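In the working numbering, the protein residues as written are 11 to 230. All C-beta atoms, glycine included, are put in the ideal place defined by N, C-alpha and C. All of these numbers come straight from a predicted model, not from anything done at the bench. Reviewing the structure listed below.
Structure (structure tokens):
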């Protein structure tokens, strides 16, 4: 039985670049578990690496699969997805993923809300960014009910208002360094702030984050 960071009322901060790779059941596919309910099924958030030429057999996505390609080119029978691609494969879909040149992806499994059946593929390098608070730039990726996911670019020196996270907040630092009153989070950091947590974030250098809000259990 595995129960890794499954207490959603607890704040979690991991510097994923300091975590060792673990071998998955498939040769040439490695992972860094960030949160995991069971060994090979159920809720999971991981950084996954495909060696060049590695592949995974065809599989279904119970309660969905969400992917952000961090490096290289991730592929399946439907196409090639280079660095910066964002994918959502809902419950009932299946694919056989592989990578000819190798890749690293952020993967979330078994976490779609009931009724969220939209399949999504966004090339974030060719999508429209929107102005946000102050000098922020925002690229919306997906929203459903209370949940919202986006990329947010923070220019050097940008500060955000102190705020509370209704339904929690989850962040992955793609580049730069994210900062708040609790610490500094370099590239590769994964942060999960629970429902009703508060902070006052800012940056000192250009920083890009993936952020999801409103998706965690409403427990205090």
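The residues 154, in chain order, have a CB closer than 6 angstroms to that of residue 126 in the same chain once the five nearest residues on each side in sequence are set aside. Buried is the label assigned to residue 184, since at least 16 other Cβ atoms lie within 10 Å of its Cβ. In this structure, the straight-line span from the alpha carbon of residue 74 to that of residue 209 is close to 30 angstroms. No Cβ-Cβ contact shorter than 9 angstroms links residue 53 with residue 123.
Per DSSP, residue 134 lies in no beta strand (DSSP E) and is assigned neither H nor E.
Among the bridge pairs identified by DSSP, residue 73 is matched with none. Rounded to the nearest whole angstrom, the C-alpha separation of residue 152 and residue 60 is 25 angstroms. Residue pairing by DSSP puts residue 148 in a beta bridge opposite 140 and 162. Residue environment: residue 140 is assigned as exposed (fewer than 16 neighbouring CB atoms within 10 Å of its CB, all protein chains considered).
Burial check for residue 55: the Cβ neighbour count within 10 Å reaches 16 or more, so the residue is buried. Taking a contact to require three or more Cβ pairs closer than 8 angstroms, the stretch 198-213 and the stretch 168-184 qualify as touching. Separation of residue 13 and residue 30 (C-alpha to C-alpha, rounded to the nearest whole angstrom) is 18 angstroms. With the rule of 3 Cβ pairs closer than 8 angstroms, the stretch 105-114 counts as touching the stretch 75-87. It is roughly 30 angstroms from the alpha-carbon of residue 15 to the alpha-carbon of residue 133.
Residues of the same chain with a CB within less than 7 angstroms of the CB of residue 115, apart from the 5 flanking positions on each side, are 58, 77, 78, 79, 80 and 84 in chain order. Judged by beta-carbon spacing, residue 137 lies within the 9 angstroms limit of residue 149, meaning their Cβ atoms are closer than that value. When secondary structure is reduced to three states using DSSP, residue 42 falls in the strand class. Here residue 89 is exposed. Its C-beta has fewer than 16 other C-beta atoms within 10 Å. Counting along the chain, the unbroken beta strand (DSSP E) around residue 190 starts and ends at 187-190.
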